[in-house]
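Enquirer: Protein chains in written order, with this note's numbering: chain B, 45 to 659; chain D, 135 to 313.
There's a structure below that I have some questions on.
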Amino acid sequence: MDRRTFLQSSAAAASAAALPAAPAPLSEWRVYGADDGASRYSACDRISKANVKTLNPAWVHRTGDAVVRPSTAMECTPIVVDGVMYLTTAQIKIRALDAGSGQAKWTFDPLAGRPGRGSPGVSRGVTYWQQGKDKRLFATWKDRLYSLDAVTGELDAKFGQQGIVDLTQDFDHDMAGLSFKHTSPPVVFEDLVIVGGGGGEGPYPEAPGHIRGYDARTGKRRWIFHTVPKPGEYGHDSWAGDSWKRAGGTNCWAGMSVDVKRGLVFAGIGSPSFDFYGGDRIGANLFGNCVLALNARTGERAWHFQVVHHDVWDYDMPAQPALVTIRNGGRTIDAVVQVTKQGFVFVFDRATGKPVFPVEERPIPKSDVAGEELWSTQPYPVKPPPVNRQGFFEKDITNISPEATKAVREVFEKSKTGPLYTPVAKDGVLIHPGFRGGPLWGGCAFDPKRNRLFVGSDEWTNRVAFRDPKEGESFRYGLLDRSVVLDPEGYPAITPPWGYMTAIDMDKGDFVWRVVNGEFAALTARGIPKTGTPSHGGAFCTAGGLVFKAGTFDKKIRAFDSDSGEVLWEYELNAGGFATPCTYEAGAKQFVVIAAGGGKDGSKANDEFVAFALG
Amino acid sequence: MTNSSRLRWASVILGCAGLGVFALGQKPAPRVVEEIFPQKPTVQPIPFSHKVHSGLGIKCLDCHPIREPGYQAGYPKETTCMGCHASIKKDSEAIRKLEEFARSRKPVPWVKVYHVPDYVWFSHASHVQDAKIACETCHGAVAASEVIAKEASTSMHSCMQCHAKHGASNACDSCHSSQ
Numbered sequence: 045m046d047r048r049t050f051l052q053s054s055a056a057a058a059s060a061a062a063l064p065a066a067p068a069p070l071s072e073w074r075v076y077g078a079d080d081g082a083s084r085y086s087a088c089d090r091i092s093k094a095n096v097k098t099l100n101p102a103w104v105h106r107t108g109d110a111v112v113r114p115s116t117a118m119e120c121t122p123i124v125v126d127g128v129m130y131l132t133t134a135q136i137k138i139r140a141l142d143a144g145s146g147q148a149k150w151t152f153d154p155l156a157g158r159p160g161r162g163s164p165g166v167s168r169g170v171t172y173w174q175q176g177k178d179k180r181l182f183a184t185w186k187d188r189l190y191s192l193d194a195v196t197g198e199l200d201a202k203f204g205q206q207g208i209v210d211l212t213q214d215f216d217h218d219m220a221g222l223s224f225k226h227t228s229p230p231v232v233f234e235d236l237v238i239v240g241g242g243g244g245e246g247p248y249p250e251a252p253g254h255i256r257g258y259d260a261r262t263g264k265r266r267w268i269f270h271t272v273p274k275p276g277e278y279g280h281d282s283w284a285g286d287s288w289k290r291a292g293g294t295n296c297w298a299g300m301s302v303d304v305k306r307g308l309v310f311a312g313i314g315s316p317s318f319d320f321y322g323g324d325r326i327g328a329n330l331f332g333n334c335v336l337a338l339n340a341r342t343g344e345r346a347w348h349f350q351v352v353h354h355d356v357w358d359y360d361m362p363a364q365p366a367l368v369t370i371r372n373g374g375r376t377i378d379a380v381v382q383v384t385k386q387g388f389v390f391v392f393d394r395a396t397g398k399p400v401f402p403v404e405e406r407p408i409p410k411s412d413v414a415g416e417e418l419w420s421t422q423p424y425p426v427k428p429p430p431v432n433r434q435g436f437f438e439k440d441i442t443n444i445s446p447e448a449t450k451a452v453r454e455v456f457e458k459s460k461t462g463p464l465y466t467p468v469a470k471d472g473v474l475i476h477p478g479f480r481g482g483p484l485w486g487g488c489a490f491d492p493k494r495n496r497l498f499v500g501s502d503e504w505t506n507r508v509a510f511r512d513p514k515e516g517e518s519f520r521y522g523l524l525d526r527s528v529v530l531d532p533e534g535y536p537a538i539t540p541p542w543g544y545m546t547a548i549d550m551d552k553g554d555f556v557w558r559v560v561n562g563e564f565a566a567l568t569a570r571g572i573p574k575t576g577t578p579s580h581g582g583a584f585c586t587a588g589g590l591v592f593k594a595g596t597f598d599k600k601i602r603a604f605d606s607d608s609g610e611v612l613w614e615y616e617l618n619a620g621g622f623a624t625p626c627t628y629e630a631g632a633k634q635f636v637v638i639a640a641g642g643g644k645d646g647s648k649a650n651d652e653f654v655a656f657a658l659g
Numbered sequence: 135m136t137n138s139s140r141l142r143w144a145s146v147i148l149g150c151a152g153l154g155v156f157a158l159g160q161k162p163a164p165r166v167v168e169e170i171f172p173q174k175p176t177v178q179p180i181p182f183s184h185k186v187h188s189g190l191g192i193k194c195l196d197c198h199p200i201r202e203p204g205y206q207a208g209y210p211k212e213t214t215c216m217g218c219h220a221s222i223k224k225d226s227e228a229i230r231k232l233e234e235f236a237r238s239r240k241p242v243p244w245v246k247v248y249h250v251p252d253y254v255w256f257s258h259a260s261h262v263q264d265a266k267i268a269c270e271t272c273h274g275a276v277a278a279s280e281v282i283a284k285e286a287s288t289s290m291h292s293c294m295q296c297h298a299k300h301g302a303s304n305a306c307d308s309c310h311s312s313q
């Protein structure tokens, strides 16, 4: 028995009788974010800088349910527990595979009997929970929370109503006519399964995003935290008048993380609705756009930090808060890192919520939209530097061709422009980074040995303009425009580059390296320096000194050198790998798996989970 | 749809959070599209009168069955058409053209009149089979038309108005795979 096998089997034996808080085996990927804290770090080191060039597909699992028109997309990061991989397919079937071979073991279809009816929605994966011999899988699809037997894939009849909890119930909100969705995997702590999700952020009535803890065995609600506080609750006075009654959004859609030792659950909260106009919700609007720490056992607030006050730019907290232990200024700090769409990296002391690097409240301009009252300042972390440009100025107009420059200049000249947090204007404003980020739901990865954070980020620009309401519409403003601003060929409006990978030293808060990520071959062929491409999904890093990331529009998955950023290996998939990959060991092999589902930004949908291994 | 309601619709093409609206490397869609109804009739590869065929008692779903899993309504197989046209108007130029498609087992390249973007999960099954929405609601008076022209908007606003009227959800993820 070699060291890895010993560790794997020892840990597996230990976990059989332990609570889920037991340390995960080094060789598996038991949680969506790699571990409870979503560090996206793996101790697997069989694949190293020295041998990564020999990575090749070992198996491909085709889910068989991709739809090309309309397009499905796969954002799932599989989890791997005791040699079994659990994933969600293109149409959100939940499936178990043999992690070594990719052979299917069972499939559960939450849409069974209702095919072809509307969007299957999005799922980024599932959650494993074990107590003794009781092995459960928790998954969400739209407004349903499912509990499945992890061995058989059958619904757990003792949980909720025959294995299902209706998330529109027990929500402390009148949900008549409102919808609810939950796209990221829930988290578990002790005997609780904790869910976020909620309504959208449009101008129409929307559900809020209260966070709830459910008994993992019965599905009974044990606690709820109101992300839009009720009368008498902390933060209620941050909503003027009765705006709290109508407020929606304010949801945790990108997933949570758990500090098992402290018994805290961390959530990044999205914008309140309507996410571009706040004249009918004057105030700071807690807990919108907050990093929120809750007592995982009770749901009580431990601390919060509002990253955007009174958001009107759709700057949700777009990723799981990452719980990492950093070395900073001679101290070891249990920290929580929140990457934001704006390109900021906020770092807090996990226990207190105090920023590790100073954060300054800086003034922003006033809005000239009727009724709007912006908060006068917004928080800016002094360090690390933003991982992308912020704001849109004349110098930023794309220069890849005269035609591109001319077209974007026309949009620029009819829009309000300026630095980050330029107020939305009724006749149009350019928002950069746009509301696809910057970083998005792929979040970040942290290498504890190198004390280094890896962040992928994009350069999308959005334009927002309002319209007056039409007959039957009750809101003050609707959207005339919320487009991604592109040149006539469909490339981003801003000068390249358009996609990066960045490594940040968490001691000093400085960039260690930053590389352009991805390539448009057509532009390279025209002699334009490598532009990078926007991407979907995040990265993970390993003890082998590598950072793996896919998601670029050139359909490639890449391995970067953790120390230098050099691309040591790349492979072109059959479709965009618009998900965060994972890694694990099975049968003495280390695998890297990515969902190559395409289907975004006009690309063709696909149905492959591709596993790579050495040799 | 009445003549008086055949007015100008200003529709707005919008994206939703997390949706990819444009393909990189493709010409982006215009932000605002002015639609005037009825639009210019579409020229089809083979002239076809819905009025004549409807008059024979043929129903919409007879020729446009909802295909599994339910998103699309299909076109009739050329061999199905030839079931009648092997004897009816068999010498006309149009039917000879149809016969050639049937013989070579190639589909007639009918030109679509109504489009929804790829990021819209429109389900014919939900609308026709579940909600019992008449085909004419979205496609106009097809049964009375010699040639088909787009008569009704397929903009997001028009969809949402109809959803509101029928009490159907207007949540983003009803029709889009949003985040």
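Glycine included, every Cβ here is placed at the ideal spot set by N, Cα and C.
Nearest-angstrom Cα distance between aspartate 525 of chain B and phenylalanine 510 of chain B?
Expert: Start at 1 with the first residue of the first sequence, and residue 525 of chain B comes out as number 481. Start at 1 with the first residue of the first sequence, and residue 510 of chain B comes out as number 466. Between aspartate 525 of chain B and phenylalanine 510 of chain B, the C-alpha separation is close to 7 Å.
Enquirer: Measure the Cβ-Cβ separation of alanine 346 of chain B and leucine 308 of chain B and say whether it is below 8 Å.
Expert: Numbered from 1 along the first sequence, position 302 holds the residue referred to as residue 346 of chain B. Numbered from 1 along the first sequence, position 264 holds the residue referred to as residue 308 of chain B. Closer than 8 Å, so yes.
Enquirer: Could you give the DSSP three-state label for cysteine 88 of chain B: helix, strand or coil?
Expert: In the first sequence, the residue the question calls residue 88 of chain B occupies position 44. Here cysteine 88 of chain B sits in coil by DSSP.
Enquirer: Does the beta-carbon distance from alanine 363 of chain B to valine 380 of chain B come in below 8 Å?
Expert: Position 319 of the first sequence, counting from 1, holds the residue named residue 363 of chain B. Position 336 of the first sequence, counting from 1, holds the residue named residue 380 of chain B. Their beta carbons are not under 8 Å apart, which means alanine 363 of chain B does not touch valine 380 of chain B by this criterion.
Enquirer: Whole angstroms is fine: what's the gap from valine 195 of chain B's alpha carbon to glycine 274 of chain D's?
Expert: Taking the first residue of the first sequence as position 1, residue 195 of chain B is located at position 151. Taking the first residue of the second sequence as position 1, residue 274 of chain D is located at position 140. Going by the C-alpha atoms only, they are around 52 Å apart.
Enquirer: Tell me where the beta strand (DSSP E) around alanine 655 of chain B begins and ends.
Expert: Your numbering for residue 655 of chain B matches position 611 in the first sequence. Counting along the chain, the beta strand (DSSP E) containing alanine 655 of chain B begins and ends at 649 to 658.
Enquirer: Using a cut-off of 7 Å between C-beta atoms, extract the partners of valine 254 of chain D located in chain B.
Expert: Taking the first residue of the second sequence as 1, we reach residue 254 of chain D at position 120. Ordered by position in chain B, the residues that pass the 7 Å Cβ test against valine 254 of chain D are Pro114.
Enquirer: Would you report the Cα separation of tryptophan 542 of chain B and histidine 476 of chain B, rounded to the nearest angstrom?
Expert: Locating residue 542 of chain B in the first sequence gives position 498, counting from the first residue. Locating residue 476 of chain B in the first sequence gives position 432, counting from the first residue. Taking the straight line from one Cα to the other gives about 12 Å.
Enquirer: In chain D, what lies closer than 8 Å to glycine 162 of chain B by C-beta?
Expert: The sequence position of residue 162 of chain B within the first sequence is 118, counting from 1. Ordered by position in chain D, the residues that pass the 8 Å Cβ test against glycine 162 of chain B are Trp255, Ser257, Ser260, Ser308, Cys309.
Enquirer: Is the CB of threonine 227 of chain B under 8 Å away from at least one CB in chain D?
Expert: For the purposes of this step, residue 227 of chain B is identified with residue 183 of the first sequence, where counting begins at 1. Yes, threonine 227 of chain B counts as interfacial toward chain D.
Enquirer: Would you kindly check if the distance between the Cβ of threonine 596 of chain B and the Cβ of threonine 577 of chain B is under 8 Å?
Expert: If you number the first sequence from 1, residue 577 of chain B lands on position 533. If you number the first sequence from 1, residue 596 of chain B lands on position 552. A contact, by the Cβ cut-off of 8 Å.
Enquirer: Would you identify the three-state DSSP class for aspartate 259 of chain B, choosing helix, strand or coil?
Expert: Against the first sequence, residue 259 of chain B aligns to sequence position 215. Reduced to three states, the DSSP call for aspartate 259 of chain B is strand.
Enquirer: Check the Cβ of proline 159 of chain B against every Cβ in chain D and list those closer than 9 Å, keeping chain order.
Expert: For the purposes of this step, residue 159 of chain B is taken as the residue at position 115 of the first sequence. Chain D residues near proline 159 of chain B: Glu202, Pro203, Gly204, Ala259.
Enquirer: Along the chain, where does the beta strand (DSSP E) containing threonine 568 of chain B start, and where does it finish?
Expert: Numbered from its first residue, the first sequence carries residue 568 of chain B at position 524. Run containing threonine 568 of chain B: none in the beta strand (DSSP E); it sits in the alpha helix (DSSP H), 565 to 569.
Enquirer: In its own chain, which residues sit with a C-beta less than 6 Å from the C-beta of alanine 290 of chain B, not counting the 5 before and 5 after it?
Expert: Translated into positions along the first sequence, residue 290 of chain B becomes position 246. At residue 290 of chain B the sequence reads arginine, which differs from the alanine that was named. Closer than 6 Å at the Cβ level, and outside the excluded window around arginine 290 of chain B, lies no residue.
Enquirer: Looking at chain D, which residues of the stretch 184 to 196 of chain B have a Cβ within less than 9 Å of any of its Cβ atoms?
Expert: Residues Lys186.
Enquirer: Taking the alpha-carbon positions, what's the glutamine 434 of chain B to glycine 481 of chain B distance?
Expert: Indexing the first sequence from 1 puts residue 434 of chain B at position 390. Indexing the first sequence from 1 puts residue 481 of chain B at position 437. Rounded to whole angstroms, glutamine 434 of chain B to glycine 481 of chain B spans 10 Å at the Cα level.
Enquirer: To the nearest angstrom, report how far apart threonine 568 of chain B and histidine 291 of chain D are at their CA atoms.
Expert: Counting from one through the first sequence, the residue named residue 568 of chain B turns up at place 524. Counting from one through the second sequence, the residue named residue 291 of chain D turns up at place 157. When rounded, the distance between both Cα atoms is 40 Å.
Enquirer: Run through chain D and tell me which residues come within less than 8 Å of tryptophan 504 of chain B, C-beta to C-beta.
Expert: Here residue 504 of chain B is taken as the residue at index 460 of the first sequence, counted from 1. The contacting residues do not exist; tryptophan 504 of chain B stays about 10 Å from chain D at best.
Enquirer: Just checking: is the beta-carbon of alanine 283 of chain D within a distance shorter than 8 Å of some beta-carbon in chain B?
Expert: Counted from its first residue, the second sequence places residue 283 of chain D at position 149. With 8 Å as the cut-off, alanine 283 of chain D does not count as an interface residue toward chain B.
Enquirer: In the DSSP assignment, what residue or residues form a beta bridge with phenylalanine 269 of chain B?
Expert: Sequence index remark: in the first sequence, residue 269 of chain B carries index 225 (1-based). Paired residues: B:Ile255.
Enquirer: Among D:Ser279, D:Lys223, D:Glu233, D:Ser303, which has the Cα closest to the Cα of alanine 265 of chain D?
Expert: Indexing the second sequence from 1 puts residue 265 of chain D at position 131. Here the closest residue by C-alpha is D:Ser303.
Enquirer: If I measure Cβ to Cβ from glycine 144 of chain B and keep anything under 6 Å in the same chain, skipping five residues before and after, which residues do I get?
Expert: Position 100 of the first sequence, counted from the first residue, corresponds to residue 144 of chain B. These residues qualify, in order along the chain: Ala630, Gly631.
Enquirer: If I measure Cβ to Cβ from phenylalanine 215 of chain B and keep anything under 7 Å in the same chain, skipping five residues before and after, which residues do I get?
Expert: Locating residue 215 of chain B in the first sequence gives position 171, where the first residue counts as 1. Hits under 7 Å: His254.
Enquirer: Start and end of the alpha helix (DSSP H) containing glutamine 350 of chain B?
Expert: Taking the first sequence and counting its residues from 1, the one referred to as residue 350 of chain B is at position 306. Not the alpha helix (DSSP H): glutamine 350 of chain B falls in the beta strand (DSSP E), residues 345 to 350.
Enquirer: What is the residue span of the beta strand (DSSP E) that histidine 42 of chain B lies within?
Expert: Residue 42 of chain B cannot be examined here, being either before or after the span of chain B that is shown, 45 to 659.
Enquirer: On the premise that valine 112 of chain B lies in contact with alanine 649 of chain B, defined as a C-beta separation below 8 Å, what is that separation, rounded to the nearest angstrom?
Expert: Along the first sequence, one-based indexing puts residue 649 of chain B at 605. Along the first sequence, one-based indexing puts residue 112 of chain B at 68. Indeed, because the Cβ distance is near 5 Å, the residues count as touching under 8 Å.
Enquirer: Say whether chain B places a C-beta atom closer than 8 Å to the C-beta of serine 303 of chain D.
Expert: The sequence position of residue 303 of chain D within the second sequence is 169, counting from 1. Serine 303 of chain D counts as touching chain B.
Enquirer: Kindly identify the DSSP beta-bridge partner or partners of valine 380 of chain B.
Expert: Along the first sequence, read from residue 1 onward, the residue named residue 380 of chain B stands at position 336. According to DSSP, valine 380 of chain B bridges with B:Leu367, B:Phe392.
Enquirer: Is alanine 183 of chain B closer than 8 Å to tyrosine 190 of chain B when the C-beta atoms are compared?
Expert: Position 146 of the first sequence holds residue 190 of chain B. Position 139 of the first sequence holds residue 183 of chain B. Taking 8 Å as the Cβ cut-off, tyrosine 190 of chain B and alanine 183 of chain B qualify as a contacting pair.
Enquirer: List the DSSP bridge partners of asparagine 372 of chain B.
Expert: Indexing the first sequence from 1 puts residue 372 of chain B at position 328. Bridge partners of asparagine 372 of chain B: B:Arg375.
Enquirer: Measuring straight from C-alpha to C-alpha, what distance separates leucine 612 of chain B and serine 579 of chain B?
Expert: One-based indexing of the first sequence puts residue 612 of chain B at position 568. One-based indexing of the first sequence puts residue 579 of chain B at position 535. Roughly 19 Å between the two C-alpha positions.
Enquirer: Which residue marks the beginning of the beta strand (DSSP E) containing aspartate 360 of chain B, and which one marks its end?
Expert: Position 316 of the first sequence, counting from 1, holds the residue named residue 360 of chain B. Note, aspartate 360 of chain B: premise wrong, no beta strand (DSSP E); not H, not E.
Enquirer: Assign phenylalanine 555 of chain B to one of three DSSP states: helix, strand, or coil.
Expert: Mapped onto the first sequence, residue 555 of chain B falls at position 511. Correct three-state label for phenylalanine 555 of chain B: strand.
Enquirer: Can you tell me where the beta strand (DSSP E) with alanine 451 of chain B in it begins and where it stops?
Expert: What you label residue 451 of chain B is simply residue 407 of the first sequence in a count that begins at 1. From DSSP, alanine 451 of chain B is part of no beta strand (DSSP E) but of the alpha helix (DSSP H) over 446 to 457.
Enquirer: With DSSP run on the structure shown, which of helix, strand or coil describes methionine 219 of chain B?
Expert: The residue labelled residue 219 of chain B in the question sits at position 175 within the first sequence. Correct three-state label for methionine 219 of chain B: coil.
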